[in-house]
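> For any residue, its number in my numbering is found by taking its place in the sequence shown, counting from 1, and adding 421.
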Amino acid sequence: MSQILKIDDINVFYGSIHAIKGISLEVNEGEIVTLIGANGAGKTTTLHTVSGLLRPRSGSIQFCGEDITRIPAHKLVERGLAHCPEGRRIFLQMTVQENLDMGAYIRRDDFSASLDEVYELFPRLKERRKQVAGTLSGGEQQMLAMGRALMSKPKLLMLDEPSMGLAPILVEQIFDIIKNLHAVGTTILLVEQNAQAALSIADRAYVLETGKITLSGTGAELAKSDEVRKAYLGG
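1. Would you call Asn615 buried or exposed, if buried means 16 or more other Cβ atoms sit within 10 Å of its Cβ?
2. Quick check on Gly586: does DSSP put it in helix, strand or coil?
3. Classify Ser584: buried if its beta carbon has 16 or more other beta carbons within 10 angstroms, exposed otherwise.
4. Buried or exposed: which applies to Gly555, given that a residue is buried once 16 or more other Cβ atoms fall within 10 Å of its Cβ?
5. Run through the DSSP bridge pairs and tell me what Val448 is partnered with.
6. Do you know offhand how far Ala626's Cα is from Arg510's?
7. Measuring CB to CB, does His504 end up less than 8 Å from Met579?
8. Cα-Cα, which of Lys600, Ile595, Leu426, Ala618 is closest to Thr470?
9. Could you tell me the alpha carbon to alpha carbon distance between Ile444 and Thr466, rounded to whole angstroms?
10. Suppose you measure from the CA of Gly640 to the CA of Ile438; what does that come to, to the nearest Å?
11. In angstroms with no decimal places, state the Cα-to-Cα distance between Tyr540 and Asn520.
12. Does Tyr540 come out as helix, strand or coil in the three-state DSSP assignment?
13. Identify whether Gln614 lies in helix, strand or coil by the three-state DSSP scheme.
14. If we ignore side chains and look at the alpha-carbon of each, how far apart do Gly473 and Ile431 end up?
15. Applying the 10 Å Cβ sphere with the 16-neighbour rule, what's the burial state of Met422?
16. Using the C-alpha atoms, what's the distance from Thr607 back to Glu452?
17. Leaving out five residues before and five after Ile527 in sequence, what residues of the same chain have Cβ atoms less than 7 Å from its Cβ?
18. Since Gly568 contacts Leu587 with CB under 8 Å, what's their CB separation in whole angstroms?
19. When burial is assigned at 16 or more other CB atoms within 10 Å of the CB, is Val605 buried or exposed?
20. Roughly how many angstroms lie between the CA atoms of Leu502 and Lys651, to the nearest whole one?
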């Protein structure tokens, strides 16, 4: 199994605030790896650093064997890194179809097959393809954000809190979609506050607390851990 992402001892600061404190983790091809932790633990900061939106003060990040620590965000999309951000960040004034087309902006090939795949994965988006994205429900907007990220044909899909603010039935749908993506070979790095759902689908997981990784293991191992159960699973 080849390694897609390797984070080695990165330290990230917001001014004088030391947000990420020497974390190291890896994601192998075809895996779902999840990062769990409380609000403010550094999960989103980690994804922003991987995707080039933030720069680490020290440490390194390798993607598909290449050091990407200093490469800007737009160049990383071209290399196959897709980041589906917290809060969705879709283009509200554009149609569903236009949002998906924007996801393929780096591609010079015919992306109609990718569009068909996204519509197959998210039939609701196909039904609403001419609808303005700002009029979609929260769940539909999350599907659109994920679909837009997939349009770039990523080697690694990073999902930041995909279940945030959604009703339980929609959370279930989103996690089913993530499982379907995994089943067809998509490599996923998932940041999620719904620890129970995240651990249930993860091959491996890391627990982040105040900028440090405190535990790691398979999803099943961490789901059974007394420490994790007390802190994140209400057990």
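Glycine is no exception: its CB is placed at the ideal position from the N, C-alpha and C atoms. Remember, it's a predicted structure, so these values are computed and weren't measured experimentally.
Inspection of the coordinates gives the following:
1. buried
2. coil
3. buried
4. exposed
5. Leu426
6. 26 Å
7. yes
8. Leu426
9. 12 Å
10. 30 Å
11. 13 Å
12. helix
13. coil
14. 13 Å
15. exposed
16. 8 Å
17. Val498, Glu499, Ser573
18. That pair is no contact at about 16 Å.
19. exposed
20. 34 Å
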